[in-house]
Amino acid sequence: MKIHRHWGLLPFLLTGFGGLSSAATQGPCELEKIQSFAPEGAIVDSVTHLDTPIAHCEVVGHTITQNPGPNRVEWTVMLPDEGFKGRYYFIGEGAAAGIVPTTRAGSVDLEAIYGHTYAGTDIQKDIQRQMMAMIANGYAGTAVRKMAEGFAVAGTDTGHKGFMWEFLIDNPAARLDHGHRGAHVSAVATQEITRRYYDMDDKLYRYHLGCSGGGRMGAMAALHHPEDYDGIVASTGFGKGSSMWFPWIIQYLVEKPDRWISPAKLAFLEKAVADHCAGPDGLVRDQNACGFDLNSVKCEGASTDSCLTRDQIDMARRITSPHPVAPGEVSGGFTLTNPIGWSGFLIGETKPTGNDPENPWAPNPPPSSFWIAQSILRGVYFQDRDFNMITDLDFDNPAHLQILDDHHADWGATSSDLSGYRKAGGKFILWAPLGENAVPPATETQHHDAMVKLLGNVDDFFRTYEVPGVWHCAGGPGPQDSPERFLDKVIAWAEEGERPEAVVVNGASTYGLPKTAPSPTRTVLVCPYPQKAVFTAKPGAFPYDASNWSCQ
């Protein structure tokens, strides 16, 4: 392994020189040469050639942002030795980003990153360490796969370390960088390095894929920097009130812990909804669950795992109801399609034990929604490390709702005006997992409807797909390869002008499902919104084959 390190802070100016056809040649994997490829202001800190797990040149650098600033935004680009196809892939990072992706996940200093995260209970700290390791390994795997497919792969920490949001307090430079500027300057630097490294004359096709926080990054790029990408695939990227559904749900639950719904009861509810609304393949395709009546599963006598109490029905209604996001404004709630996923993310695997504002589930760990929302409220909205969503946030207080509204756009794509991205020639696929247990899928379809109202027909550059049975980004009984299949489609759209219509997705899942209920192997047809997939084969035909379905 050959390593070059550069500790200077003076940028080299971009040097221009001719090239051959796309990907015909590549430059040396050396610091001085790579620095000469970088645009002004982009500092290359290290250049490393790695032979495994795939031969590539790893470039790590940073850009100092100003006005406001200074703030250090770190980035990386990984350049494969062989098979480069003239394509660039930017990793949209989940949560608050905060990690510079690399194929060497084990080299990421997780403890240093952890030092910048929300300091919760010991249980929460352990969970966050595990999540950071999982996230770093996930990005490493993504980088290896995409390089093997012929992409240069890039990513950024968006100007901070760690994946919680307290770093935004009293830090306008970090706020702007995390919102969209950090990813933009990283894209500018890494795209130019890629072009120069491969001595390209042909176009570099640039793609961004992400879900959750990564979807937010893609949406913000399309809104604020429409020239950055030719194609974007995103989930959970648009709308006001990001994560405000968490305190809306948790406050109600902690107020009366008997509202908690056990995993066994949620499994019963999911089956009841499927019996009422699912297609012959067992997947529910309607956000409204075909008008399923929660009173139909109300306990008539003693509470059992085969019914819901009145309090639990009230909880399910709270989860699926609209929530306030601004004065006089609400956003849609979750769906009843796949409530099994609510346990781990929304309401917890165990019943709340009290009113401890730091962890109402103590001594058990809280659901992810608790500490994520706590950190977002402290960092993004109220600028207060001691703010507590249980005791301090009041949805009935117009002043609190105004504070929320004042800061939604700091980190979220709240505008429906993507006319700039359309004008730049970009193509965008937005997908909504209907089994979402972290972000209501209504946020995607509401955004699509608002964009059509503003811009008219958007089929020339924007498509939205509802994917049944998938939880937040992945998991659940639905098809698991949706992001990759949508990436295939956005590539064909950007490069060949082939607008996507129906898309076939597949990939069974057992993640998070009861061991007695594995997901069957299937192909699934998903349709451009507002169309729905309908089973059109003869009765008795195989329902797990997408060819037996059509879009209507």
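Using this note's numbering, you'd call the opening residue of the sequence shown number 358 and step up by one each time.
Virtual Cβ for every residue (Gly too), placed ideally from N, Cα, C.
On a predicted model such as this, the values are computed, not experimentally measured, just so you know.
- Between I618 and P717, the C-beta gap is not smaller than 9 Å, which leaves the two residues out of contact.
- P825 is the residue among F843, P825, K846 whose C-alpha sits nearest the C-alpha of P836.
- Taken atom to atom, the span from the alpha-carbon of N712 to that of F702 is near 19 Å.
- Note on the region 671–736: whole alpha helix (DSSP H) runs with a minimum of 4 residues are 725–733, in chain order.
- Cβ-Cβ separation between A454 and T420: approximately 15 Å, too far for a contact (criterion under 8 Å).
- One thing to note: T433 has its Cβ within 9 Å of the Cβ of T459.
- Scanning N645, N424, R444, V815 for the CA closest to the CA of T692 turns up N645.
- Within the same chain, and ignoring the five residues on either side of K503 in sequence, the residues whose Cβ sits closer than 8 Å to its Cβ are Y446, V510.
- Check the Cα spacing between G833 and each of I391, D816, T694, H805: the tightest is with T694.
- Spanning the alpha carbons of V404 and P385 requires a straight line of approximately 10 Å.
- Look at S907 here: in three-state DSSP terms it is strand.
- Per the Cβ contact rule, the region 577–596 is in contact with the region 763–777 (3 or more Cβ pairs under 8 Å).
- From the listed residues W602, A621, T802, the smallest Cα separation to A591 is found for T802.
- Pairing A497 with S393, the inter-Cα distance amounts to about 27 Å.
- The shortest C-alpha to C-alpha distance from C647 to any of P637, A631, T661 is the one to A631.
- According to DSSP, E823 shares a beta bridge with A789.
- Taking a contact as a CB-CB distance under 8 Å, the pair D762 and A683 counts as one, their CB atoms being some 4 Å apart.
- F892 places its beta carbon 9 Å or farther from that of P885.
- Close CB contacts of R553 within its chain, under the 6 Å cut and outside five residues either way in sequence, are with F394 (chain order).
- Counting along the chain, Y609 sits inside the alpha helix (DSSP H) bounded by residues 602–612.
- Pairing G516 with A531 gives a Cβ-Cβ distance under 9 Å.
- By DSSP's assignment, N645 forms no beta bridge with any residue.
- For M435, the enclosing beta strand (DSSP E) stretches over residues 428–437.
- Minimum Cα-Cα distance from D668 among the listed residues P681, P679, L651, H680 corresponds to L651.
- In the structure shown, the three-state DSSP call for A509 is strand.
- Leaving aside the five residues that flank G451 on each side, the residues in its chain whose CB is nearer than 6 Å to its CB run, in chain order, S569, G570, G571.
- In the three-state scheme derived from DSSP, where H, G and I count as helix and E and B as strand, F818 is classed as coil.
- The beta carbons of D514 and V545 sit no closer together than 9 Å.
- The DSSP assignment places complete alpha helix (DSSP H) segments of no fewer than 4 residues inside the region 740–777 at 755–768, in order along the chain.
- Beta bridge pairing from DSSP links I400 with H419.
- Beta-bridge annotation (DSSP): N863 is paired with T880.
- Each residue's CA atom was taken as its position, placing H829 and D817 some 27 Å apart.
- Between the alpha carbons of E858 and N494 lies a distance of about 33 Å.
- Counting of Cβ neighbours within 10 angstroms places L811 among the exposed residues, the total staying below 16.
- In this structure, the beta-carbon distance from L626 to L566 does not fall below 9 Å.
- In the DSSP annotation of this structure, I526 is not part of any alpha helix (DSSP H), being labelled neither H nor E.
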